[in-house]
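J.: Under my numbering, the first residue of the sequence shown is numbered -10, with each subsequent residue one higher.
This is the structure, below, for whatever I ask next.
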Amino acid sequence: MIIESGYRKIMSKMLEMLGLVLVAIMILIFVGVFQPTIEPGLSPLFWGCAGATLMILIYRKKKKKQTEA
-10 MIIESGYRKI MSKMLEMLGL VLVAIMILIF VGVFQPTIEP GLSPLFWGCA
40 GATLMILIYR KKKKKQTEA
């Protein structure tokens, strides 16, 4: 039981860090830092990062509801 609790904390922190990295990449893509030759804005990479971030948020919300119930 104690090992599971530690694992969940580590996994939660990893998801937070991954989410922050994805948001940072989204901002840089939107501004046009990664693709200077292509028009900045809503590229497929931007939408991929946005979708992954949304999936992390939904996953964490579901897990939080499961632990509260």
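Yeah, the Cβ is synthetic: ideal placement off N, Cα and C, and Gly gets one too.
Predicted model only: the values in this text are computed from it and were never measured.
Just confirm the distance between the C-beta atoms of residue 17 and residue 42, as a whole number of angstroms; I'd bet it's less than 8 Å.
T.: Working through the sequence shown from its first residue, we reach residue 17 at position 28. Working through the sequence shown from its first residue, we reach residue 42 at position 53. So it is not a contact: roughly 14 Å between Cβ atoms.
J.: Just tell me which of 57, 4, 54 and 19 has its CA closest to the CA of residue 115.
T.: Here the chain covers residues -10 to 58 and nothing more, so residue 115 does not appear.
J.: For a test of your reading of the model: does the CB of residue 48 fall under 7 Å from any non-hydrogen atom of the ligand FMN? Yes or no.
T.: This structure lacks the ligand FMN, and indeed carries no ligand of any kind.
J.: Going by DSSP in three states, residue 22 sits in which element: helix, strand or coil?
T.: Numbered from 1 along the sequence shown, position 33 holds the residue referred to as residue 22. Of the three classes helix, strand and coil, the one that applies to residue 22 here is coil, per DSSP.
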